[in-house]
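Under my numbering, think of the first position of the sequence shown as -12, with each following residue one higher.
Input: a single structure, listed below in structure tokens.
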Amino acid sequence: MRSTGKILILALAVLALAALPALADGTVGGTAPAFTLKGVDGKTHSLSDYKGKVVVLEWINPNCPVSNRHAREKTMTELARQHGDVVWLGINSTNPKSRDFMKPAEHAAYDQQYGITYPVLYDESGQVGHAYGARTTPHMFIITPDGKIAYNGAIDDDPPGRKAKADRLNYVGQGLSSEKGGKSPDPATTKPYGCSVKYE
């Protein structure tokens, strides 16, 4: 009887787990983790504000040479302009105790210098970065209008930055074109490159 009771309890536990909604994480096809963060401009932004729209998330760190190279080359800003109907959000998950942390006034000046007009949000606790599994700056995600992750990975196929900009395969640009055409990005996952996110 005791073993039967244990089996019943185990079966109920399995059923309870099966009934739970899928956990949100950075996996392609999974639900994009919800967040509410304050921007460099002091305004609050929630992912839910952009329901029904394609959203691009860009993990950014101005003090990372790779992130900074893309800012100088206007990789992200030009792509954001080309896809003006897409919501583009930068997220800085740098820990405030890190040497790489940039205060709002400094960040605003940096954004202005490099023509970054889309919102850049502070994730000082690193909670959002960890939820998405963001590992590098930059690390890119495309979110579908129904809140699913369609792409997770690098901005392009040129980690060293040796190719001419026109010769690079921009995975995010390609993914956005696919998404708008009713197709899934291909590839949907690539290996992100850059500096490690300074969570600590």
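Heads up, the beta-carbon is just placed ideally off N, CA and C, and yes, glycines get one too.
Asked                                                                                                                                                           : Found
With a Cβ-Cβ cutoff of 7 Å, do Ala141 and Val184 count as a contact?                                                                                            : no
Counting along the chain, where does the alpha helix (DSSP H) carrying Lys206 start and finish?                                                                 : Here the chain covers residues -12 to 187 and nothing more, so residue 206 does not appear.
Counting only the same chain and skipping the five closest in sequence on each side, list residues whose C-beta sits under 6 Å from that of His94.              : Val27
Leaving out the 5 sequence neighbours to the left and right, which residues in its chain are closer than 8 Å to Gly189 when beta-carbon positions are compared? : Given a span of -12 to 187 for the chain in the structure shown, any question on residue 189 remains unanswerable.
For Lys152 and Ile47, what's the separation of their Cα atoms in angstroms?                                                                                     : 19 Å
Determine, using beta-carbon pairs with one atom in the stretch 165 to 175 and one in the stretch 109 to 119, whether at least three such pairs fall under 8 Å. : no
In angstroms with no decimal places, state the Cα-to-Cα distance between Gly13 and Phe22.                                                                       : 13 Å
Output the boundary residues of the alpha helix (DSSP H) element that contains Thr64.                                                                           : 62 to 69
Whole angstroms is fine: what's the gap from Tyr158's alpha carbon to Tyr101's?                                                                                 : 22 Å
Reducing DSSP to helix, strand and coil, say where Glu93 ends up.                                                                                               : helix
Alpha helix (DSSP H) containing Val15: first to last residue?                                                                                                   : Unbroken run through Val15: none, as it is neither H nor E.
Sorted by chain position, which residues of the same chain lie with C-beta nearer than 7 Å to Glu166's C-beta, five sequence neighbours on each side aside?     : Val41, Ile129, Thr131, Ala137, Pro172
For the candidate residues Asp143, Asn79, Thr18, Gly181, whose alpha-carbon lies nearest to that of Ser35?                                                      : Thr18
Among Asp145, His126, Gly148, Tyr119, which one has its Cα closest to the Cα of Lys135?                                                                         : Tyr119
Suppose contacts are defined by Cβ-Cβ distances below 7 Å. Is Tyr186 in contact with Asn55 by that definition?                                                  : no
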